[in-house]
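Chemist: My questions will all concern the structure given below.
Chains as they are written, first to last, in the numbering used here: chain V, 1 to 104; chain X, 1001 to 1254.
As structure tokens, then:
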């Protein structure tokens, strides 16, 4: 497990350090830069959507899916505030509140 | 008495000399550290709940204290750490965990590339120290800072170190609280990761094409999961959607 974590460190650190070490003088080919620009939104969406719509291995698009429902106000708040803190508290707060009221 | 008086006078006489030569430089340094720490406050507001949630969830998933802390110390990537908790507890193969971490954190490559022009004249090991603590949040923070004008290494490092120390402390608090909390669900702590992803995603979507590519990636990822591709769905969906996005972008440009 510790070895896996060291592996995680290596693959996290390399993409973080390579550009500042080697890119200051010469840049990347424009096509690579354009492709890399698609990586942050796509990887985050590929992680987020399954977390919202899949429950216990099954597609759940109904009203009883609290994760999906809370995702809508969280998304709106994130859009308006462009912060990490406010949508985080909104999402977690709504989920906690809904459970307090016996939902999901 | 006289001797003592002389000593006091001697010390006193020397004070102005010290302050004019050494203190100003030190003062400037202190001011820079202070400014770096103060600027980091908004980041800390995000780090405390996420770091706390990570600590609690790792504890609940049965991850050892050493490994939980080790990730906060040497990997230092919130979303990857939270994903790793799920992956470790469901017994996913190490190679797959490392590959997922790589793809999830590949976005930092872009952040680092964006800073390269601002960090000319930094030594290799200073750059390594800077890059080691480059996260989504410190990226947002430093982009704003560099847009205002050149920043000193002292200020930047003060920011980064404050951020990571807070991250590690939040992890410890979460691990400790994990022993006290019976179930994370009434607190909505299990929603920390989805909520953070939503917030990060919104920050990363700059135009309609990138939003469409993101939607495609999300749908691909869900379809792959439904088809039984449970370990590589994120990586495959990202590669396909990013490439499709690039093709559409290049095609519509001409």
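C-beta atoms are modelled at their ideal positions from N, C-alpha and C, and glycine is treated no differently.
Could you please give the first and the last residue of the uninterrupted alpha helix (DSSP H) stretch that includes residue 1337 of chain X?
Modeler: Residue 1337 of chain X is absent from the model: chain X starts at 1001 and stops at 1254.
Chemist: Using a Cβ-Cβ cut-off of less than 9 Å, give me the residues of the segment 1160-1192 of chain X that come near chain V, in sequence order.
Modeler: Listed by position along the chain: 1185, 1186, 1187, 1188, 1189, 1190, 1191 and 1192.
Chemist: What are the start and end residues of the alpha helix (DSSP H) that includes residue 1098 of chain X?
Modeler: That run of the alpha helix (DSSP H) goes 1094-1105.
Chemist: Determine which residues share a DSSP beta bridge with residue 1212 of chain X and list them.
Modeler: Looking at the DSSP assignment, residue 1212 of chain X forms no beta bridge with any residue, so it has no partner.
Chemist: Kindly indicate which three-state DSSP category residue 1185 of chain X falls into: helix, strand or coil?
Modeler: The answer is helix: DSSP assigns residue 1185 of chain X an H, G or I state.
Chemist: What in chain V is Cβ-close to residue 1045 of chain X, meaning under 7 Å?
Modeler: What residue 1045 of chain X touches in chain V: 85.
Chemist: Taking residue 99 of chain V as the reference, which of X:1183, X:1177 and X:1044 has the closest Cα?
Modeler: Considering only alpha carbons, the answer is X:1183.
Chemist: Run through the DSSP bridge pairs and tell me what residue 1087 of chain X is partnered with.
Modeler: Beta-bridge pairing links residue 1087 of chain X to no other residue.
Chemist: Can you say whether residue 1239 of chain X is buried or exposed, counting buried as having 16 or more other CB atoms within 10 angstroms of its CB?
Modeler: Its Cβ being crowded by 16 or more others within 10 Å, residue 1239 of chain X is buried.
Chemist: Identify which residue in V:93, V:77 and V:91 has its Cα closest to the Cα of residue 1202 of chain X.
Modeler: The candidate whose alpha carbon is nearest that of residue 1202 of chain X is V:77.
Chemist: Between the C-alpha atoms of residue 95 of chain V and residue 55 of chain V, what's the straight-line distance to the nearest angstrom?
Modeler: Answer to the nearest angstrom: the Cα atoms are 15 Å apart.
Chemist: Do the segment 55-73 of chain V and the segment 1089-1103 of chain X meet, that is, are 3 or more Cβ pairs less than 8 Å apart?
Modeler: At 8 Å Cβ cutoff, the stretches do not touch.
Chemist: If you run the structure through DSSP and keep just helix, strand and coil, what is residue 58 of chain V?
Modeler: Residue 58 of chain V falls in the strand class under three-state DSSP.
Chemist: Between the segment 1127-1143 of chain X and the segment 1155-1162 of chain X, do at least 3 Cβ pairs fall closer than 8 Å?
Modeler: Counting Cβ pairs under 8 Å, three or more are found: they touch.
Chemist: Could you tell me if residue 1186 of chain X is buried or exposed, where buried requires 16 or more neighbouring beta carbons within 10 angstroms of its beta carbon?
Modeler: Its Cβ having fewer than 16 others within 10 Å, residue 1186 of chain X is exposed.
Chemist: Could you tell me whether the Cβ atoms of residue 1178 of chain X and residue 1085 of chain X are closer together than 7 Å?
Modeler: Their beta carbons are not under 7 Å apart, which means residue 1178 of chain X does not touch residue 1085 of chain X by this criterion.
Chemist: Have a look at residue 1040 of chain X and residue 1167 of chain X and give me their C-alpha separation to the nearest angstrom.
Modeler: Roughly 12 Å separates the two Cα atoms.
Chemist: Quick check on DSSP: helix, strand or coil for residue 1206 of chain X?
Modeler: Residue 1206 of chain X falls in the coil class under three-state DSSP.
Chemist: Please tell me whether residue 16 of chain V has its Cβ less than 7 Å away from any Cβ of chain X.
Modeler: Taking Cβ atoms only, chain X reaches closer than 7 Å to residue 16 of chain V, which makes this a yes.
Chemist: Look at the alpha carbon of residue 6 of chain V and the alpha carbon of residue 1227 of chain X, and state the distance between them as a whole number of angstroms.
Modeler: Rounded to whole angstroms, residue 6 of chain V to residue 1227 of chain X spans 31 Å at the Cα level.
Chemist: Against chain X, does residue 60 of chain V count as a neighbour if the rule is that its beta carbon must be under 7 Å from one of theirs?
Modeler: By this cut-off, residue 60 of chain V is not an interface position.
Chemist: Quick one, which of X:1131, X:1138, X:1146 and X:1029 has its alpha-carbon nearest residue 1118 of chain X's?
Modeler: Measuring from the Cα of residue 1118 of chain X, the nearest candidate turns out to be X:1146.
Chemist: How would you write the range of the alpha helix (DSSP H) that residue 103 of chain V sits in, first residue to last?
Modeler: Run containing residue 103 of chain V: none; DSSP gives neither H nor E here.
Chemist: What separation, rounded to the nearest whole angstrom, lies between the Cα atoms of residue 1207 of chain X and residue 45 of chain V?
Modeler: Near 15 Å, if we compare the C-alpha coordinates of residue 45 of chain V and residue 1207 of chain X.
Chemist: Helix, strand or coil for residue 1148 of chain X? Go by DSSP, reduced to three states.
Modeler: Residue 1148 of chain X falls in the helix class under three-state DSSP.
Chemist: Within 10 angstroms of its Cβ, does residue 1005 of chain X collect 16 or more other Cβ (buried), or is it exposed?
Modeler: Because residue 1005 of chain X sits at a pLDDT of 40, beneath the cut-off of 50, its placement in the model cannot be relied upon, and the following sentence gives the value as read from the coordinates. Flag for residue 1005 of chain X reads exposed.
Chemist: If I'm right that residue 1250 of chain X touches residue 1096 of chain X with Cβ under 8 Å, what's the distance once you round it to whole angstroms?
Modeler: That belief does not hold up - the Cβ atoms of residue 1250 of chain X and residue 1096 of chain X are roughly 32 Å apart, past 8 Å.
Chemist: Classify residue 1133 of chain X as helix, strand or coil using the three-state DSSP reduction.
Modeler: In this structure, residue 1133 of chain X counts as coil in the three-state DSSP scheme.
Chemist: So is residue 103 of chain V in contact with chain X if we call contact Cβ pairs under 7 Å?
Modeler: Judged by the 7 Å Cβ criterion, residue 103 of chain V is not in contact with chain X.
Chemist: Please report how far the alpha carbon of residue 97 of chain V lies from the alpha carbon of residue 70 of chain V, in whole angstroms.
Modeler: C-alpha separation (whole angstroms): 11 Å.
Chemist: Show which residues of chain X have a CB atom less than 7 Å away from the CB atom of residue 29 of chain V.
Modeler: Those within 7 Å of residue 29 of chain V in chain X number zero; the least Cβ separation is about 12 Å.
Chemist: Does any CB atom of chain V fall closer than 7 Å to the CB of residue 997 of chain X?
Modeler: For residue 997 of chain X there is no data in the structure shown, the boundaries of chain X being 1001 and 1254.
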